[in-house]
Amino acid sequence: MPQPLAVPTTREQLWALLAEAAEIEHHLMCCYLYAAFSLKERVEEDLSDDELAAIRRWRGEILAVAIEEMGHLATVCNILSALGAPAHLAHQNFPVEPGYHPAGVVVKLTPFNWETLAHFIYLERPGHADIADGAGFESPQTYARGTPMDRVMTIATDYGTVGELYASIDAGLVRLAAAIGEDRLFIGQPTHQLSAETCGLPDLKVVRCLKTAHIAIDAIVRQGEGAEAGEMRSHYQRFLAIQREYASLREARPAFRPARMSAHNPVMRRPPTPGGKLWITLEPAACLLDLGNALYNHCLRCLSLAYAGADAATQRALVRTSVDLMRLLTPIATRLGSLPASPELPEATAGLSFATLRSAAALAADVESVAIVVERLDELARRAGTLAAHYPDEAGLLHEAARGLDHLARRLAPHATAAPAAAVAAPPLITPPPAATPAPPAAVATAPANGDAPPVPIPLDDGRERIPGAGIDLIYAGKRCIHARHCVLGLPRVFKANVEGPWIAPDAASTEALVTVAQMCPSGAIQYRRHDGGAEEAPPPVNLVQLRENGPLGIRAQLLIDGQPVGMRAVLCRCGASKNKPYCDGSHNAIGFKATGEPDTLPSDPLPARGGPLSVEPELDGPLVVNGNLELCCGTGRTINRVTATRLCRCGGSTNKPYCDGTHRRIGFRSEA
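If you want this note's numbering, it's the position in the sequence shown, counting the first as 1, plus 1.
Here it is in structure tokens:
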């Protein structure tokens, strides 16, 4: 029977209910991920082509729902932060003991099967839906908390569905705002919260007041828990759609099994109460489980620190590191589902337990904390490398993990200006190539006035070359060149095509002519430095990205790529095949890439500001994460969208180009060799 709505009357009570909501979202996310990781991946695993295609669709849907659960968790943490509390990212280890949540909320890690799917549908059901839980997920006892909200110590209330929990939270916000005033209720710093621009979750909003809190809670309920039956993209309806297809495949072939025989509730150590749990003791599963849980916990630590008041750039870097750690975790967790787990249960394979650390408290938002995060990334990279040497069958997987972790450590390191001694002393797992040594001054030959003898280029330490001239130096980045030929056609006496040796002679044209041709170079391969007192290249008044038909993304803006300034022009790969990612190298022509340069126009309002710095962060094995004022234009110049944050596809597989739709995860896109 429906329970009377319990309404919090104090800030402490609101904090308690929000902490429970955060843990439920977190628990559900882990359960969904576990089920997705257990799914089969090849027809050789007793599947037909049609069955495998269905499983791949289900895996994509379940992962998408899990990502939305992460968005729900972040939304709850935003509300907590707005109310003056820290983000709540801790959770109970699995399986969650009966009574920790109300009796109807049973939480344990199980592989994907008919019963698990029915349980997911039950958990996500609207309040009016009269459906049974999956077999094996029944609550072991009838239990009611039965404590009213008139105590000084906080205690969570009973609720039949998760939607009812959010209704209590919403009612409590209204009551407390009326009692003490919105200004006193919402006292947290908005800059401590995460936003769509920070983490790429489009529905995530900063909570500043009662209205924005209402909007945030409504978005959670409509997208997942308690969603109306008409919400066809709610979690409830998406799981129902999977169930219908699953039923059809089972009817066609009763022996159909979509998942591997994975463990139920795997654990890392001998459980004091072993019932319903499986201790993972066989190698290499035990070592991979250890590494996987370490990656997961470091993901949470990065996210906690992002809520602790770091500056905007560091906050974005921490969130990005957290997301990329989950991407590195995915293949390890999937592999666990195919490895023997324990001699006591030979038919079972392992799985990720999502075990949490006792030392999971957020670090302080200062430079030493970021350095500690980098130190831990280095430790994990070295451990992955060591495991690769011990387990040759897993070497490819572990080397990929080591590569990714080393990449994350190097990318985050600039945000830590003072690293602990241990982190400084530890050698990098992957040694970067030595910087190019500049040529001695004697090797530089200044061109004569007629420009017929090009000067010898001077290598720069970032891989570019400086070609000196009397009034202007040209800077050439050969790896960024896409052979647009504006240079060799516009100033053929300066840019000498089809010659051996030095081929750029700056003194063969006027400074203004060189500036004009350089600024026509779409890739930014040609830049310049004036030493005649003239103005350097100015940022464009409007930031633009132009979609090339069957080709790359041309960008004009004051660009920062991976946090580094790269000039005002760049052409970035969107086919997925470039050997010089994120830049285009012409591979789209070789692979016959197809992508329209004329997509439909989306409704968008004019931007208050159209220029300014534009940050492009290539997500590891994922899309281009763009932050800043940007107008997206088709090849003919038509504006198709105006944004301040977006995620642009660079795997070549999105069905919603130029935007990312998550296809990179399904096709196994890799952003680095």
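Glycine residues also receive a C-beta, built at the ideal position from the N, C-alpha and C atoms. Keep in mind that this is a model prediction, so the values were computed, not measured.
Rank the options by C-alpha distance to the C-alpha of residue i and give the top, closest one.
i, options, result
"L283", "D134, R270, G276 and T274", "R270"
"P609", "V644, E618 and F38", "V644"
"L409", "L19, E380 and L554", "E380"
"F594", "P99, H299, A578 and D601", "A578"
"P141", "H102, M154 and G629", "H102"
"L329", "S370, L548 and L289", "L289"
"I373", "R317, C303, A309 and E395", "C303"
"P503", "L195, P393, P456 and P566", "P456"
"C635", "S82, P553, L398 and G535", "P553"
"T162", "E348, P272, F670 and Y123", "Y123"
"K41", "L53, L34 and Y33", "L53"
"H69", "V107, E116 and R239", "It should be noted that the sequence gives Glu, not His, for residue 69. Nearest option by C-alpha distance: R239."
"A168", "M71, T517 and A214", "A214"
"T512", "G525, C32 and E537", "E537"
"P566", "A591, V617, V572 and R611", "V617"
"P344", "L279, A334 and D151", "L279"
"V222", "H400, E183, A248 and E165", "E165"
"V371", "A130, K480 and G310", "G310"
"I592", "N630, G653, G100 and V626", "G653"
"R1", "R12, Y392 and P469", "Residue 1 lies beyond the range of the chain shown here (2 to 674); nothing can be said about it."
"P493", "L515, H120 and Y477", "L515"
"L406", "V175, L621 and N94", "L621"
For the beta strand (DSSP E) containing residue i, list its first residue and its last residue.
i, result
"C634", "L625 to C634"
"V546", "L545 to L548"
"Y474", "With the sequence shown as reference, residue 474 is identified as Asp, and Tyr is not the correct amino acid for it. Here the beta strand (DSSP E) through D474 covers I473 to Y477."
"S616", "P614 to P619"
"N298", "First-last for N298: A286 to A307, but that is the alpha helix (DSSP H), not the beta strand (DSSP E)."
"A571", "Q565 to L573"
Taking buried to mean at least 16 other C-beta atoms within 10 Å of its own C-beta, is residue i buried or exposed?
i, result
"R359", "exposed"
"A67", "buried"
"G402", "The amino acid occupying residue 402 in the given sequence is Ala; Gly does not appear at that position. Answer is buried; the Cβ neighbour count reaches 16."
"T605", "Residue identity differs from the one stated: residue 605 is Ser in this sequence, not Thr. Exposed is the call here."
"H665", "buried"
"A423", "Annotation note: pLDDT 38 at A423 (below 50); position unreliable, coordinate value reported separately. A423 is exposed by the Cβ-count criterion."
"N294", "buried"
"M521", "exposed"
"M30", "buried"
"A349", "buried"
"N544", "buried"
"H589", "buried"
"H89", "buried"
"I668", "exposed"
"W16", "buried"
"G663", "buried"
"I281", "buried"
"D462", "exposed"
"I132", "exposed"
"T637", "exposed"
"D508", "buried"
"Q190", "exposed"
Identify the continuous alpha helix (DSSP H) that holds residue i and give its terminal residues.
i, result
"L364", "Note, L364: premise wrong, no alpha helix (DSSP H); not H, not E."
"V516", "T512 to M521"
"T162", "Looking at the DSSP string, T162 is not in any alpha helix (DSSP H), and its letter there is neither H nor E."
"T117", "W115 to L124"
"M30", "R12 to F38"
"T664", "T664 to I668"
"P332", "A313 to L337"
"A410", "A396 to L413"
"I592", "S588 to I592"
"M71", "D50 to A83"
"G491", "H487 to G491"
"E501", "Careful: E501 lies outside any alpha helix (DSSP H) and carries neither H nor E."
Kindly give me the distance between the Cβ atoms of residue i and residue j, rounded to whole angstroms, as I take these residues to be in contact under 8 Å.
i, j, result
"C661", "P619", "Not confirmed; about 12 Å, so no contact."
"F187", "L84", "7 Å"
"P600", "I556", "Incorrect: roughly 17 Å between the Cβ atoms, too far for contact."
"P523", "R570", "6 Å"
"L340", "A286", "4 Å"
"V97", "L195", "Incorrect: roughly 25 Å between the Cβ atoms, too far for contact."
"F38", "G352", "7 Å"
"Y529", "I459", "Not really, about 14 Å apart at Cβ, beyond 8 Å."
"G61", "E125", "Not quite, the Cβ-Cβ distance comes to about 17 Å (not below 8 Å), so this is no contact."
"V546", "L633", "5 Å"
"L399", "A385", "5 Å"
Length at least 4, wholly inside the stretch 166-232: the alpha helix (DSSP H) runs in chain order: The DSSP assignment places complete alpha helix (DSSP H) segments of no fewer than 4 residues inside the stretch 166-232 at 183-186, 197-200 and 211-224, in order along the chain.
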